[in-house]
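Only one structure is covered here, and it is reproduced in the block below.
Protein chains: 2
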Amino acid sequence: MEDELHTPAERRRIRVRGAILEAAERVFAVEGEAGLSIRRIADEIDYSPAAIYKYFGSKDELIDELKEAFFGRILESVNLIADRAEPFPTRARRCVSTYVRKALEKPHHYVAAFSGVAPPAPTVPEGCEFSDSNRAQAFAILTEMVGEGLDNGCFRPELVRDTAAKSIWASMHGLAMMIAHFNDFPSMATMPSAMSQDDFIDFHADLIIRSLESGPTKRD
Amino acid sequence: MEDELHTPAERRRIRVRGAILEAAERVFAVEGEAGLSIRRIADEIDYSPAAIYKYFGSKDELIDELKEAFFGRILESVNLIADRAEPFPTRARRCVSTYVRKALEKPHHYVAAFSGVAPPAPTVPEGCEFSDSNRAQAFAILTEMVGEGLDNGCFRPELVRDTAAKSIWASMHGLAMMIAHFNDFPSMATMPSAMSQDDFIDFHADLIIRSLESGPTKRD
DNA sequence: GGTGCTGAGTGAACAGCGTTCACAAAATGA
DNA sequence: TCATTTTGTGAACGCTGTTCACTCAGCACC
């Protein structure tokens, strides 16, 4: 909680660092990873390109920080919904739809966060990944939710918490990626008459949760 | 079916073009989009970098051809399963799991195919996309399958074919992306004891189809 | 057979990229 | 005030995609 460091040098440093991140964030949100270059950031904050390397070890390191911060904000929003007092299966559905909607506020960020390919061997990652903390937190929210559904009998008892949680994550991640990638999803060019994007997110969330529910489910 | 063009010049041209694509495919599969450069391809086939531009308009054009070919191969495999005589809900599940498994045979290809972000405005795409033909075919397979499930009463009658199909696509796409991105999915570093990757794919496929089924579903 | 012509292939160059490095300037601690 | 550390810079290296003037081989036609 004691974020305020007092020496002028330290305050100056985090201010410049923040300016770099903020400029990068701005460019990245609009033009994506392709439009973001070290020289571009340097122009934006009126510094020389080399200066940025006094604050970040590499471009990847800088971008990773952007991605993780954004993903953290998504999790924050989902957490807010998860803790809200609301009847259960509805709340679960809202968690899913909130995740997707939050992710789509900055499609470039979200897609970039998942765009690397991890190597099969246990070597150091090539594609940039999430910190274990973010992965773990995303995962914790979901397992907790599944656990709740199991406890109150809403979900099928034979389900394994962790496994079901990963399945939910995969499915909602897929929708976020689809909409981010195809600007016209779910309408799609070949099939113009379709559900609105907002309605589709809710529909998808319903399907995801429904796949876990125990009894024959009925909706209002 | 009359692919054989007779003039030596024409045959030579498609042979060189094929060599370029084959070299690119090889490098791309192992090192991904990052490791693939025009100069690298040129080295691989003992041509000058400029020569490649006699066969492809740009690097993006070349890579798009790789991606589409790969996605086409995925669809081919899924189509084979979809047409096979097999009891229905099982066949539907197999379509989903086949899609995921095929996609994961070349993770770099699959991830790259979905890595661009389409602009919100109806301008020309910035991220590389699928040809409408591939999108349409992927979509056609799924809608047909959903239609079959609706006809034989296996799926809930209130479902809309196209909407349900898109939802399936999103969910299975999500799993493919997850496994491609996190090398340890679904185990994951923080939670090592978990289902095997193969079993998880089947489990996920089961959940996806189950979310569409009408009655209380029971499995063997 | 000689004569254009079309297309394949090339080396050199351009602009941009991430990154490094020796160096100047400024801020800091004594 | 002096020494030291930190901050910022310009120039360079090696890489990238792409273009362009150029050469040369193969083909059609008279």
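Chains A and B, in that order, are what the protein sequence lines are. Converting from the first sequence to my numbering requires adding 34 to each position, the first position being numbered 1. Converting from the second sequence to my numbering requires adding 34 to each position, the first position being numbered 1. The C-beta atom is built at its ideal place from N, Cα and C for all residues, glycine as well. Note that the coordinates shown come from a computational prediction; the quantities given were computed from them, not determined experimentally.
Start and end of the alpha helix (DSSP H) containing Tyr-144 of chain B? Counting along the chain, the unbroken alpha helix (DSSP H) around Tyr-144 of chain B starts and ends at 141-147.
* Asked: Of all the CB atoms in chain B, is at least one closer than 8 Å to the CB of Asn-186 of chain A?
  -> At least 8 Å separates the CB of Asn-186 of chain A from every CB of chain B.
**Asked** Going along chain B in order, which residues have a C-beta closer than 8 Å to the C-beta of Phe-237 of chain A?
**Response** Ordered by position in chain B, the residues that pass the 8 Å Cβ test against Phe-237 of chain A are Thr-197 and Ser-201.
**Prompt:** Just to confirm, are Met-212 of chain A and Phe-219 of chain A a CB contact at a threshold of 8 Å?
**Reply:** Yes.
Are the CB atoms of Arg-127 of chain A and Ile-243 of chain A nearer to each other than 8 Å?
-> For Arg-127 of chain A and Ile-243 of chain A, yes; Cβs fall inside 8 Å.
- Test: Thr-112 of chain A CB closer than 8 Å to a CB of chain B: For the sequence presented, residue 112 of chain A should be read as Val rather than Thr. By this cut-off, Val-112 of chain A is not an interface position.
Please report how far the alpha carbon of Tyr-133 of chain A lies from the alpha carbon of Ala-57 of chain A, in whole angstroms. In a straight line, the C-alpha of Tyr-133 of chain A is about 25 Å away from that of Ala-57 of chain A.
In angstroms, rounded to a whole number, what distance separates the CA positions of Cys-188 of chain A and Ser-245 of chain A?
-> Rounded to the nearest angstrom, the two C-alpha atoms are 11 Å apart.
Please check if any C-beta of chain B sits within less than 8 Å of the C-beta of Val-50 of chain A. False, the Cβ-Cβ gap to chain B never drops below 8 Å.
Practice task
Scan the region 133-151 of chain A for residues whose Cβ lies nearer than 8 Å to a Cβ of chain B and list them as they occur along the chain.
Solution key: Cβ contacts with chain B: Pro-141, His-142, Val-145, Phe-148, Ser-149, Gly-150 and Val-151.
(request) Go through its chain and collect everything with a Cβ distance to Ala-172 of chain B's Cβ below 7 Å, but skip five positions before and after it. (result) Hits under 7 Å: Leu-109 and Trp-203.
Exercise. From this set, A:Ile-235, A:Asp-98 and A:Asn-168, which residue's C-alpha is nearest Lys-200 of chain B's C-alpha?
Worked result: Taking only the C-alpha atoms, the option nearest Lys-200 of chain B is A:Ile-235.
For Phe-234 of chain B, the three-state DSSP class (helix, strand or coil)
Helix at Phe-234 of chain B.
Taking its Cβ as the centre, do 16 or more other Cβ atoms sit within 10 Å of Arg-49 of chain B, making it buried, or is it exposed? Exposed.
| request: Please confirm if the region 136-153 of chain B is in contact with the region 137-156 of chain A, defined as three or more CB-CB distances below 8 Å between the two stretches. | output: The region 136-153 of chain B, when compared against the region 137-156 of chain A, does touch it at the 8 Å Cβ threshold.
Note to self: Is there a C-beta anywhere in chain A that falls below 8 Å from the one on Asp-232 of chain B?
What the structure shows: No - not a single Cβ of chain A is within 8 Å of the one on Asp-232 of chain B.
Could you tell me the alpha carbon to alpha carbon distance between Asn-186 of chain A and Ser-167 of chain A, rounded to whole angstroms? Those two C-alpha atoms are separated by around 28 Å.
Relative to the C-alpha of Ala-76 of chain B, which candidate in B:Ala-68, B:Val-61, B:Glu-65 and B:Gly-66 has its C-alpha closest? In terms of Cα proximity to Ala-76 of chain B, the closest of B:Ala-68, B:Val-61, B:Glu-65 and B:Gly-66 is B:Val-61.
| query | Roughly how many angstroms lie between the CA atoms of Ser-130 of chain A and Glu-139 of chain A, to the nearest whole one? | reply | Ser is not the amino acid found at residue 130 of chain A; the sequence shown has Val there. Near 15 Å, if we compare the C-alpha coordinates of Glu-139 of chain A and Val-130 of chain A.
*If the cut is a Cβ gap below 8 Å, which residues of chain B does Ala-47 of chain A touch?*
First, the residue type needs correcting, since residue 47 of chain A is Arg and not Ala in the sequence shown. Correct list: empty, because the minimum Cβ distance to chain B is about 32 Å.
What does Ser-245 of chain B reach in chain A if we use C-beta pairs closer than 8 Å? The answer, in chain order, is Leu-241, Ile-242, Arg-244 and Ser-245.
### Message
Is the separation between the beta-carbon of Gly-208 of chain B and that of Gly-183 of chain A shorter than 8 Å?
### Response
The Cβ atoms of Gly-208 of chain B and Gly-183 of chain A lie no closer than 8 Å to each other.
Exercise for review: Please name the residues in the region 164-192 of chain A whose beta-carbon is closer than 8 Å to at least one beta-carbon of chain B, in chain order.
Suggested key: Listed in sequence order: Asp-166, Arg-169, Ala-170 and Phe-173.
- prompt: Would Gly-66 of chain A be called buried (16 or more neighbouring beta carbons within 10 Å of its own) or exposed?
  reply: Label assigned to Gly-66 of chain A: buried.
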